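**Student:**
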Amino acid sequence: MLKFDNVSMRYPGAGDVLRNVSFHLARGEMAFLTGHSGAGKSTLLKLIALIERCSRGQVLLDGESLNLAKDRQVPYLRRKVGLIFQDYKLLQDRTVFDNVALPLVIAGYGHNEVSRRVRASLDKVGLLGKEKKYPAVLSGGEQQRVGIARAVVNKPPMILADEPTGNLDPELSTEIMHLFEQFQQVGVTIFIASHDISLIAQMNHRILKLDHGQLVGELNDETR
Amino acid sequence: MKHVNKKPGKQEPRWQTKISGGNFVDKFHAYRNHHAQALFSSLGRLVASRFSSAMTIVVLAIAISLATGFYILVANLQQLAGNLEASNQISLFLKDDISEARTNKFVNSIKQNPDVQDVKLITKEQALAEFQSYSGFGEAIKALEKNPLPVVIQVQPKNSLENEQALQALLEDFSRSAEVDFAQLDMQWVKRLKSIMEVVRCGVFLLSLLLGAGVLFITANTIRLELYNRRDEIVIAKLVGATNGFICRPFLYGGFWIGFFSGVAAWFIVTVIMLILRQPVETLSRLYDSAFHVLFLGFTETLALLFISSVLGVVGSWIVLHFQLRQLKPE
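Just so you know, the protein sequences line up as chains A and B, in that order. Position in the first sequence (first residue = 1) + 1129 = our numbering. Position in the second sequence (first residue = 1) + 35 = our numbering.
(1) Would you say R1208(A) reaches chain B, if we count a Cβ-Cβ gap shorter than 7 Å as a contact?
(2) In three-state DSSP terms, what is L1147(A)?
(3) Quick check: what's the CA-CA separation for L1179(A) versus S1302(A)?
(4) Could you please tell me which residues of the region 253-279 of chain B, in chain order, have their CB closer than 9 Å to any CB of chain D?
(5) Residues of the region 62-87 of chain B with a CB closer than 8 Å to any CB of chain A: list them in chain order, please.
(6) Quick one: which residues of the region 1221-1239 of chain A get their C-beta closer than 8 Å to a C-beta of chain B? List them in chain order.
(7) How would you label G1342(A), buried or exposed, when you count the other beta carbons within 10 angstroms and need 16 or more for buried?
(8) Assign C237(B) to buried or exposed, taking buried as 16 or more other Cβ atoms, counted over all protein chains shown, within 10 Å of its Cβ.
(9) Look at E214(B) and L129(B) and say whether their C-beta atoms are less than 7 Å apart.
(10) Please name the residue, chosen from L202(B), V186(B), E261(B), that lies closest to E83(B) on a Cα-to-Cα basis.
(11) With a threshold of 16 other CB atoms inside 10 Å of the CB of P1285(A), please say whether the residue is buried or exposed.
(12) For K1338(A) and A1330(A), what's the separation of their Cα atoms in angstroms?
(13) Near I1305(A), what residues of its chain come up, given a Cβ to Cβ distance below 8 Å and the 5 sequence neighbours on each side ignored?
(14) Taking 7 Å as the threshold (beta carbon to beta carbon), is F358(B) in contact with chain A?
(15) Compare the C-beta of L1212(A) against all C-beta atoms of chain B and say whether one is closer than 7 Å.
(16) Taking DSSP as the reference, what is the three-state secondary structure of R236(B)?
(17) Can you find the residues in the same chain that come closer than 8 Å, C-beta to C-beta, to R266(B), ignoring five residues on each side of it along the sequence?
(18) Please list, in chain order, the chain A residues whose beta carbon lies closer than 7 Å to that of F281(B).
(19) With the cut-off set at 7 Å, would you say L378(B) and L341(B) are in Cβ contact?
(20) Beta carbon of K229(B), beta carbon of A110(B): below 7 Å?
(21) With three or more beta-carbon pairs closer than 8 Å as the criterion, would you say the region 175-187 of chain B touches the region 87-105 of chain B?
(22) What's the gap between the Cα of L330(B) and the Cα of W292(B)?
(23) Determine contact between the region 1312-1319 of chain A and the region 1152-1165 of chain A, defined as no fewer than three beta-carbon pairs at a distance below 8 Å.
(24) With distance defined between alpha-carbon atoms, name the residue in W302(B), F286(B), Q191(B) nearest to V350(B).
(25) Entirely within the region 1242-1308 of chain A and at least 4 residues each: give me those alpha helix (DSSP H) ranges in chain order.
(26) Counting only Cβ-Cβ distances shorter than 7 Å, please list the residues of the region 1240-1253 of chain A near chain B, keeping chain order.
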């Protein structure tokens, strides 16, 4: 599903942020990406979401090379990846329904289809009945669930989350992680960046560790 | 909505990668609805920030009404010049001491001229009467002891005599006559007026271009501010796969509304000004015995005004979107 082949990323003036990163995520796999602050986790995710382009090497998503993607193809490639953020990135002046519906409206779905899918998606994250509420009146955990509902509503083959539990307490964090596992069980590839080692160690999944831009091995052997 | 997309036998893939939701009709409706939604939501935003919108629209309307006002002015002047077009006649002002008999003889001799179509004699008394009734100096003239006006012979040359040199020759011929004090070809000042009009029209055109550019950039700046205020929304939409077209649409419609409403406001400004001016202009026109009537903006001109201002609004926002949207990248 996702393949990094000797990927390096260099920002002008900042040196190499990623160096010769290679790994492969199979379809339907769930994996964590960890490492200290500034190790390059966010940069790595940005390459997948095509927010940045790598300086060297190759990134393959669903068999397609992201290096070769033209600017006008970027929106269509992004629809294959559901993005989840630490700060949720919800539109505060829109209702929960409208927030979740955004990817569908963008993709040009009809009104009935949008309505049906948004409800299904909100049902999955346990927020059915809160469609008309505004994000500001929801708790942090609920807001993140709205973010997740928005990420999965278009049924992307892959979900990418950048510190999704960074602003949540341990109990809510575990709940959110279990929610991700449910999506993995229906075949979605899940890739989560998190520095919360104790949380991700509880989960029985592959962990990739970045250190100063280099992949320093997988932690699953040590923690299991 | 009539087109419910429910096909009982259709098995949908659980996680699809391509957009395949809904049938074609449903998609078309969605596309149309999205356009309608962008059209009305941009209008809604304009209304929501009504104070700043109103200020922008008033500024634009003033610029547009200036251009339109100049256009109307030129159109009215042209109408005035148009009335004068036919008069390529020659006026002969006779010397003061010519007797009536000699005047009549002279008129008859002019009538014999093969180049002349028609001759009209205006006696001193007729000239005075005409002058009193139209010039507004009636009372002042009554105070004069002696009629100061000369006898005038209006000579209408043959229509075939369009050649300016031939007219000039005829004019010189008349001015050499002993009876004539001064001969004037009326066409000369019509020509001068027309070339002045040409200069004015050219100037108005250039001024309109400048004002149009002003409208363009004021709209652009308004849309730029809007873009800046909504950058979070744009970034989020981009992250979930919005194309530039999707993002641009509400802003282009916003530009359209600003231009359109400015055009409507400009129409009102111009029409009110014309209504105020109509009375004095027509009084003035009557004093000159002229068939001149104030021209207002016609139906086609009103449509053109609204069309041009709407297009300026759309183009203004397009310029900003073209140059600024690329800078609004996620992160």
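Heads up, the beta-carbon is just placed ideally off N, CA and C, and yes, glycines get one too. As the structure is a computational prediction, the values presented were derived from the model and not from experiment.
**Tutor:** Walking through what the data contain:
(1) Indexing the first sequence from 1 puts residue 1208(A) at position 79. Closer than 7 Å to some Cβ of chain B, the Cβ of R1208(A) qualifies, so yes.
(2) Start at 1 with the first residue of the first sequence, and residue 1147(A) comes out as number 18. Looking at L1147(A) - three-state DSSP - the assignment turns out to be strand.
(3) Counting from one through the first sequence, the residue named residue 1179(A) turns up at place 50. Counting from one through the first sequence, the residue named residue 1302(A) turns up at place 173. Using only the alpha carbons, I get a separation of about 27 Å.
(4) Protein chains in the displayed structure are A and B, and chain D is not among them.
(5) K62, H64, A65, Y66, N68, H69
(6) L1231, P1232, L1233, V1234, I1235, A1236, G1237, Y1238, G1239
(7) Here residue 1342(A) is taken as the residue at index 213 of the first sequence, counted from 1. G1342(A) should be labelled buried.
(8) Residue numbering aside, residue 237(B) sits at position 202 when the second sequence is read from its first letter. With fewer than 16 Cβ atoms within 10 Å of its Cβ, C237(B) is classed as exposed.
(9) Locating residue 214(B) in the second sequence gives position 179, counting from the first residue. Locating residue 129(B) in the second sequence gives position 94, counting from the first residue. The answer is yes: Cβ separation under 7 Å.
(10) Numbered from 1 along the second sequence, position 48 holds the residue referred to as residue 83(B). It is Ala, not Glu, that sits at residue 83(B) in the sequence shown. Of the listed residues, the one whose Cα sits closest to A83(B) is E261(B).
(11) The residue you call residue 1285(A) lines up with position 156 of the first sequence. That one is buried.
(12) Along the first sequence, read from residue 1 onward, the residue named residue 1338(A) stands at position 209. Along the first sequence, read from residue 1 onward, the residue named residue 1330(A) stands at position 201. Distance between the alpha carbons of K1338(A) and A1330(A) is about 12 Å.
(13) To locate residue 1305(A), count along the first sequence from 1; it is residue 176. G1270, Q1273, R1274, I1277, P1293, T1294, L1297.
(14) Counted from its first residue, the second sequence places residue 358(B) at position 323. No, its Cβ sits nowhere closer than 7 Å to a Cβ of chain A.
(15) By 1-based counting over the first sequence, the position of residue 1212(A) is 83. Answer yes: the Cβ-Cβ gap between L1212(A) and chain B drops below 7 Å somewhere.
(16) On the second sequence, position 201 is the one that residue 236(B) refers to. DSSP places R236(B) in helix when its eight states are reduced to three.
(17) By 1-based counting over the second sequence, the position of residue 266(B) is 231. Contacts found: L363.
(18) Walking along the second sequence from the start, residue 281(B) turns up at place 246. Within 7 Å Cβ-Cβ: I1235.
(19) Because chain B here runs from 36 to 366, residue 378(B) falls outside it and cannot be looked at.
(20) On the second sequence, residue 229(B) is found 194 positions in, with the first residue counted as 1. On the second sequence, residue 110(B) is found 75 positions in, with the first residue counted as 1. Their beta carbons are not under 7 Å apart, which means K229(B) does not touch A110(B) by this criterion.
(21) no
(22) In the second sequence, counting from the first residue as 1, residue 330(B) sits at position 295. In the second sequence, counting from the first residue as 1, residue 292(B) sits at position 257. For L330(B) and W292(B), the distance between alpha carbons rounds to 28 Å.
(23) yes
(24) As a first step, residue 350(B) is located in the second sequence; it is residue number 315 there, counting from the start. It is F286(B).
(25) 1269-1281
(26) H1240, N1241, E1242
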